[in-house]
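Below: the structure, in structure tokens.
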Amino acid sequence: MRFMMLMIPKGYENAEPGKMPDAQAVAAMMKYNEALQKAGVLLALDGLHPPSMGARISFPGGKPTVTDGPFAEAKEVVGGYWMIQVKSKEEAIEWAKRCPGSENETIELRQVQDFAEFPADVQQAASGFKEMQEQAGQRRGS
Amino acid sequence: MLIAALARIVRDVGLAEELAQDALVVALEQWPVSGVPNNPGAWLMTTAKNRAIDALRRNKLTERKHQELGREIDSQQGKAMADLDAQIDDDIGDDLLRLVFTACHPVLSTEARIALTLRLVGGLTTEEIARAFLVPEATIAQRIVRAKRTLTEKRIPYEVPRGAELAARLSSVLDVIYLIFNEGYTATSGDDWMRPALCEDALRLGRILAELAAREPEVHGLVALMEIQASRSRARVSASGHPVLLLDQNRALWDQLLIHRGLAALDRAEKLGGEPGQYSLQASIAACHARALTPDATDWARIVELYTELAQLTPSPVVELNRAVAIAMAFGPAAGLELVDALTSEKLLEGYHLLPSVRGDLLSKLGRFEEAQAEFGRAAALARNSRERDLLLDRAASCGPR
Chain H
1 MRFMMLMIPK
11 GYENAEPGKM
21 PDAQAVAAMM
31 KYNEALQKAG
41 VLLALDGLHP
51 PSMGARISFP
61 GGKPTVTDGP
71 FAEAKEVVGG
81 YWMIQVKSKE
91 EAIEWAKRCP
101 GSENETIELR
111 QVQDFAEFPA
121 DVQQAASGFK
131 EMQEQAGQRR
141 GS
Chain D
143 MLIAALARIV
153 RDVGLAEELA
163 QDALVVALEQ
173 WPVSGVPNNP
183 GAWLMTTAKN
193 RAIDALRRNK
203 LTERKHQELG
213 REIDSQQGKA
223 MADLDAQIDD
233 DIGDDLLRLV
243 FTACHPVLST
253 EARIALTLRL
263 VGGLTTEEIA
273 RAFLVPEATI
283 AQRIVRAKRT
293 LTEKRIPYEV
303 PRGAELAARL
313 SSVLDVIYLI
323 FNEGYTATSG
333 DDWMRPALCE
343 DALRLGRILA
353 ELAAREPEVH
363 GLVALMEIQA
373 SRSRARVSAS
383 GHPVLLLDQN
393 RALWDQLLIH
403 RGLAALDRAE
413 KLGGEPGQYS
423 LQASIAACHA
433 RALTPDATDW
443 ARIVELYTEL
453 AQLTPSPVVE
463 LNRAVAIAMA
473 FGPAAGLELV
483 DALTSEKLLE
493 GYHLLPSVRG
503 DLLSKLGRFE
513 EAQAEFGRAA
523 ALARNSRERD
533 LLLDRAASCG
543 PR
């Protein structure tokens, strides 16, 4: 099963554009990332620029509306993530506990939904993609 | 995990396996009464270690071994609980690898290596292993017992080989890992077409190995192959549990993360240089499919080239059969059928359901429905996986009178 480990650094919601972690913290984190990799559990990881460089798209009344960051109402934001593949939630928790996190950091652990978990009708709905894809293929071919 | 860690302590995989099973039995008896302990893994390990001492006394093993084990357990028991919290760290990977390398030791026959790894690392039953290799269950059971005895008698060190030996022993390990993957990818028996946990186990072993033997192109080739094949897991089973063939799959369901990882691993293999090995070649073939946004966009001519290279490197009727499929896709069903017909007298393909299945497919494409129907029927009779059998029966029915 897959888990997303979402790193939530306190204060990141107000970070200046281009804010980077310090070298010492990165070095410790690299060691941790290496351990994840060596154990064969790491699928992907990334750090995210602060919200001040991003945008939010909401849909009031079903219409997309764009708000540039930072976002005054945001209390906590994601600063980065790891995607891991493990045997159990317990194993995922063990891995998260071993992260060299600092006082102001929290990791939120969330299991990735597995396609096989979806009920039949949702799986059916997903196969609607196929027609879209075939149409796209025909367009390319023509 | 338990077996791997125990084997490191008692240096006997057979004994380790029994101890782990014993501990599980005790847990099943006690936990419903006493409640599940805070750290079940550590509890099991401690119980198994205590059993290890009992077992050694009972079996009157040599005093030397007894003392050695006793020392190790004494010194470890104190910190065992603390240590075991961290069982998830690199040690687990190392233990698993030690177990894989020991199970794949050259002192054992290839058959024994495969059987032992599937049993101890893959957790398959002897019956499943027997079906995977089309031999009676008793043969596999005996093979495993003998393999364990050989490892004990020859005092095979429980370790990951180093230096030149590592390279030499790697190919055997790669073969075994891929066999485990395949058992998960297309289960040889039962009602489930796939056993994803087995694929994940094999992938994890492969990824660990890729870090440990980072300079070996074939390790990355194997990882690339498994990542790309695993990327299709979601698409190759329909909502009703039936298999969906590659060209009929909904490519939007292919896991782009795994495809990306697979292509990166293939790139890593290619950058290391040298003639591509069998896994890199197979990964390149899988990559041709992964890169094609639609089935029509598949570069079949390139796939034929790759299969031709593969057939030269590892000649086998199964590779020939796949090459025939690629030739049919690139140059028409008649060209493919010619090759498949030549394979029908092949002894090794006797009882292999994919031969009549492919032949039926090509015949139906040529409009020879009656012959196609007979071939699909033959394939269904040979298929051991019930989901696969259903698919073949459906295809046979669709070739019926129209």
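Heads up: the protein sequence lines correspond to chains H and D, in order. Quick note on numbering: our numbering labels position 87 of the first sequence as 87, and the sequence is numbered without any gaps. Quick note on numbering: our numbering labels position 332 of the second sequence as 474, and the sequence is numbered without any gaps. Just so you know, even glycine gets a beta-carbon here, dropped at the ideal spot from N, CA and C.
Query raised in the report: Taking 8 Å as the CB-CB cut-off, is I370(D) touching chain H?
Result: The sequence position of residue 370(D) within the second sequence is 228, counting from 1. I370(D) does not count as touching chain H.
Query raised in the report: Does DSSP classify F118(H) as helix, strand or coil?
Result: Walking along the first sequence from the start, residue 118(H) turns up at place 118. F118(H): coil per DSSP, three-state reduction.
Report task. Can you give me the start and stop residues for the alpha helix (DSSP H) that G363(D) sits inside? Result -> For the purposes of this step, residue 363(D) is identified with residue 221 of the second sequence, where counting begins at 1. Element bounds for G363(D): P359 to A372.
Query raised in the report: Are the C-beta of R501(D) and some C-beta of chain H separated by less than 8 Å?
Result: Along the second sequence, one-based indexing puts residue 501(D) at 359. With 8 Å as the cut-off, R501(D) does not count as an interface residue toward chain H.
Requested in this report: Could you pull out every residue in the same chain whose Cβ sits closer than 7 Å to the Cβ of A162(D), ignoring the five residues on either side in sequence?
Outcome: Locating residue 162(D) in the second sequence gives position 20, counting from the first residue. Result list for A162(D): L144, I145, L148 and A190, in chain order.
Query raised in the report: Between R357(D) and chain H, is there a C-beta pair that is closer than 8 Å?
Result: In the second sequence, counting from the first residue as 1, residue 357(D) sits at position 215. No, R357(D) does not count as interfacial toward chain H.
**Report entry** Through-space distance from L258(D) to R285(D), alpha-carbon basis
**Finding:** What you label residue 285(D) is simply residue 143 of the second sequence in a count that begins at 1. What you label residue 258(D) is simply residue 116 of the second sequence in a count that begins at 1. Each residue's alpha carbon lies about 8 Å from the other.
Query raised in the report: Where does W442(D) fall in DSSP's three states?
Result: The count along the second sequence starts at 1 and reaches residue 442(D) at position 300. Helix, per DSSP.
Requested in this report: At 9 Å on the CB atoms, spell out the chain D contacts of K89(H), in chain order.
Outcome: Walking along the first sequence from the start, residue 89(H) turns up at place 89. In chain order: nothing, as chain D lies at least about 12 Å away.
Query raised in the report: For G69(H), which residues from the same chain have a beta carbon less than 8 Å from its beta carbon, with the 5 sequence-adjacent residues on both sides left out?
Result: Walking along the first sequence from the start, residue 69(H) turns up at place 69. If we look at G69(H) and ignore the five residues flanking it on each side, its Cβ neighbours are P50, P51, S52, M53, G54, A55 and R56.
Requested in this report: Check the Cβ of K19(H) against every Cβ in chain D and list those closer than 9 Å, keeping chain order.
Outcome: Working through the first sequence from its first residue, we reach residue 19(H) at position 19. Neighbours of K19(H) on chain D: none; closest Cβ ~27 Å, over 9 Å.
Report task. State the beta-bridge partners of V379(D) as determined by DSSP. Result -> Taking the first residue of the second sequence as 1, we reach residue 379(D) at position 237. BP columns for V379(D) point to P385(D).
Requested in this report: Classify R501(D) as buried or exposed, calling it buried when 16 or more other Cβ atoms lie within 10 Å of its own Cβ.
Outcome: For the purposes of this step, residue 501(D) is taken as residue 359 along the second sequence, with counting starting at 1. R501(D) should be labelled buried.
Query - Member of Y449(D), I427(D), V365(D) and C341(D) whose CA lies at the smallest distance from the CA of V461(D) - result: Numbered from 1 along the second sequence, position 319 holds the residue referred to as residue 461(D). Nearest of Y449(D), I427(D), V365(D) and C341(D) to V461(D), Cα basis: Y449(D).
Query raised in the report: Among F511(D), L463(D) and A428(D), which residue has its Cα nearest to the Cα of E488(D)?
Result: Along the second sequence, one-based indexing puts residue 488(D) at 346. Taking only the C-alpha atoms, the option nearest E488(D) is L463(D).
Query raised in the report: Would you say the beta carbon of P17(H) comes nearer than 7 Å to a heavy atom of the ligand MG?
Result: With respect to the ligand MG, the structure shown offers nothing to examine, as it has no ligands at all.
Report task. Measuring only between beta-carbons, confirm whether E545(D) sits less than 8 Å from chain H. Result -> Absent from the model: residue 545(D). The displayed extent of chain D is 143 to 544, so no value can be given.
Query raised in the report: Among the residues of its own chain, which have a CB less than 6 Å from the CB of T268(D), if the five just before and after it don't count?
Result: Within the second sequence, numbered from 1, the residue matching residue 268(D) stands at position 126. So the qualifying residues of the chain are E279, I282 and A283.
Query - DSSP-derived helix/strand/coil call for L42(H) - result: Taking the first residue of the first sequence as position 1, residue 42(H) is located at position 42. Strand.
Query raised in the report: Between the segment 365-397 of chain D and chain H, which residues of the former have a C-beta closer than 7 Å to a C-beta of the latter?
Result: R376, A381, N392, R393, A394 and L395
Query raised in the report: Using a beta-carbon distance below 8 Å, is I350(D) in contact with chain H?
Result: Working through the second sequence from its first residue, we reach residue 350(D) at position 208. Chain H contact via Cβ: present.
Report task. Go to Y81(H), then tell me how far its beta strand (DSSP E) extends in each direction, as first and last residue. Result -> For the purposes of this step, residue 81(H) is taken as residue 81 along the first sequence, with counting starting at 1. Its beta strand (DSSP E) spans residues G80 to Q85.
**Report entry** Endpoints, the beta strand (DSSP E) within which I93(H) is located
**Finding:** Along the first sequence, read from residue 1 onward, the residue named residue 93(H) stands at position 93. I93(H) -> not in any beta strand (DSSP E); alpha helix (DSSP H) instead, spanning K89 to K97.
**Report entry** chain D contacts from the segment 17-51 of chain H (Cβ-Cβ distance under 9 Å)
**Finding:** E34, A35, Q37, K38, A39, G40, V41, L42, L43 and A44
Report task. Excluding the 5 residues preceding and the 5 following E16(H) in the sequence, name in chain order all residues of the same chain whose CB lies nearer than 8 Å to its CB. Result -> Locating residue 16(H) in the first sequence gives position 16, where the first residue counts as 1. Result list for E16(H): P50 and S52, in chain order.
Requested in this report: With DSSP as the reference, label S487(D) as helix, strand or coil.
Outcome: Position 345 of the second sequence, counting from 1, holds the residue named residue 487(D). In the structure shown, S487(D) sits in coil (DSSP, three-state: anything other than H, G, I, E or B).
Requested in this report: Give a yes or no on whether the C-beta atoms belonging to L45(H) and W82(H) are separated by under 8 Å.
Outcome: Along the first sequence, one-based indexing puts residue 45(H) at 45. Along the first sequence, one-based indexing puts residue 82(H) at 82. In this structure, W82(H) lies closer than 8 Å to L45(H) by Cβ.
Query raised in the report: For Q111(H), which residues does DSSP report across the bridge?
Result: Here the question's residue 111(H) lines up with position 111 in the first sequence. Partner(s): F3(H).
Query raised in the report: By the criterion of Cβ-Cβ separation under 7 Å, what are the contact partners of E342(D) in chain H?
Result: Residue numbering aside, residue 342(D) sits at position 200 when the second sequence is read from its first letter. Within chain H, the residues near E342(D) are Q85.
Query raised in the report: If you draw a straight line from the alpha carbon of Q123(H) to that of F115(H), how long is it in whole angstroms?
Result: Locating residue 123(H) in the first sequence gives position 123, counting from the first residue. Locating residue 115(H) in the first sequence gives position 115, counting from the first residue. Looking at the two C-alpha atoms, the distance is approximately 7 Å.
Query raised in the report: Does the segment 437-454 of chain D come close enough to the segment 469-480 of chain D that 3 or more CB-CB pairs lie under 8 Å?
Result: yes
Query - Cβ neighbours of R378(D) in the same chain (closer than 7 Å, five flanking residues each side left out) - result: Residue numbering aside, residue 378(D) sits at position 236 when the second sequence is read from its first letter. Closer than 7 Å at Cβ, skipping near neighbours: P385, V386 and Q391.
Query raised in the report: What's the gap between the Cα of M368(D) and the Cα of A406(D)?
Result: On the second sequence, position 226 is the one that residue 368(D) refers to. On the second sequence, position 264 is the one that residue 406(D) refers to. Their backbone Cα atoms lie some 12 Å apart in a straight line.
Report task. State the start and end residues of the unbroken alpha helix (DSSP H) segment that holds A352(D). Result -> Translated into positions along the second sequence, residue 352(D) becomes position 210. It spans P338 to L354 - the alpha helix (DSSP H) in which A352(D) sits, taken as one unbroken run.
Query raised in the report: When the Cα atoms are used, what is the spatial distance from L43(H) to Q85(H)?
Result: In the first sequence, counting from the first residue as 1, residue 43(H) sits at position 43. In the first sequence, counting from the first residue as 1, residue 85(H) sits at position 85. The straight-line gap from Cα to Cα measures roughly 7 Å.
Report task. Count the other C-beta atoms from every protein chain shown that fall within 10 angstroms of the C-beta of M30(H), then say buried if there are 16 or more, exposed otherwise. Result -> Along the first sequence, one-based indexing puts residue 30(H) at 30. Flag for M30(H) reads exposed.
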